[in-house]
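Visitor: Letter by letter, the sequence shown follows residues 7 to 169 of the working numbering.
Let me begin by handing over the structure; questions about it come next.
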Amino acid sequence: MDRMIVTWFGAGLMKPAPGTWGSAVAVALGVLIHWIGSFPLLALATIAVTALGFWSVGRYTRGMEDPDRSEIVIDEVAGQWLALCFPSYGFWHAGLESTNFPWPGYVAAFLFFRLFDIWKPWLVGRADREGGTMGVMLDDLWAGLFAGLATMVCAGIYHGLIM
7 MDRMIVTWFG AGLMKPAPGT WGSAVAVALG VLIHWIGSFP LLALATIAVT
57 ALGFWSVGRY TRGMEDPDRS EIVIDEVAGQ WLALCFPSYG FWHAGLESTN
107 FPWPGYVAAF LFFRLFDIWK PWLVGRADRE GGTMGVMLDD LWAGLFAGLA
157 TMVCAGIYHG LIM
């Protein structure tokens with residue numbers, strides 16, 4: 007059961023680049039969650055998957071020498087959904103119907119998340135070096151936070167200065 011959860015139902019077993027596959031699956035499911043219940047449901051799902059991630063990663067990696075294994079992608083799901091919460095909130099706050107598909111915000115959140123998750127700047131890298139369950143989960147949550155902020159900065163520039 008833990009393996010199914012940490013690999014996000016097998017997405018983490020896809021090769022090459024299981025983290026990118028996990029993030030892509032997370033975006034698809036995150037868009038569906040937003041479509042069903044807009045920002046509030048996506049925010050609740052993000053909190054739930056984060057808690058589930060801390061619990062299941064801890065159980066799955068207990069006794070492992072290297073707990074940050076490539077097949078573990080629930081951390082990518084949590085971080086990616088955190089990044090998606092930013093444009094989702096923007097759409098919700100603007101009163102857009104949840105069935106609209108303003109794809110640039112989702113694409114930007116995905117690309118920025120992958121950038122920060124791979125590059126691991128500042129707090130992302132510090133969390134990654136921490137190791138253990140905290141390191142596995144926190145680096146992706148920091149990457150998601152930075153990706154969400156970068157997405158909103160880009161949206162602000164586009165909608166405030168360019169349009």
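The C-beta atom is built at its ideal place from N, Cα and C for all residues, glycine as well.
(1) I'd like the span of the alpha helix (DSSP H) that includes Thr-157, first residue to last.
(2) Exposed or buried, what is Glu-71 when buried is set at 16 or more other beta-carbons lying within 10 Å of its beta-carbon?
(3) Would you check if the distance between the CB atom of Ala-161 and the CB atom of Phe-119 is smaller than 8 angstroms?
(4) Applying the 10 Å Cβ sphere with the 16-neighbour rule, what's the burial state of Ile-124?
(5) Helix or strand or just coil, what does DSSP make of Pro-22?
(6) Hey, quick one: how far does the alpha helix (DSSP H) through Trp-14 stretch, first residue to last?
(7) May I ask which residues mark the beginning and end of the alpha helix (DSSP H) holding Ile-80?
Guide: Checking against the coordinates, here is how it stands:
(1) What you label residue 157 is simply residue 151 of the sequence shown in a count that begins at 1. Here the alpha helix (DSSP H) through Thr-157 covers 138-163.
(2) Stepping through the sequence shown from its first residue, residue 71 is reached at position 65. Glu-71 is exposed by the Cβ-count criterion.
(3) Locating residue 161 in the sequence shown gives position 155, counting from the first residue. Locating residue 119 in the sequence shown gives position 113, counting from the first residue. Going by C-beta atoms, Ala-161 is not nearer than 8 angstroms to Phe-119.
(4) On the sequence shown, residue 124 is found 118 positions in, with the first residue counted as 1. The residue in question, Ile-124, is exposed, as its Cβ has fewer than 16 Cβ neighbours within 10 Å.
(5) Numbered from its first residue, the sequence shown carries residue 22 at position 16. The answer is coil: DSSP assigns Pro-22 none of H, G, I, E or B.
(6) Taking the sequence shown and counting its residues from 1, the one referred to as residue 14 is at position 8. Premise fails: Trp-14 is in no alpha helix (DSSP H) and is neither H nor E.
(7) Within the sequence shown, the letter at position 74 stands for residue 80. 80-99 is the extent of the alpha helix (DSSP H) around Ile-80.
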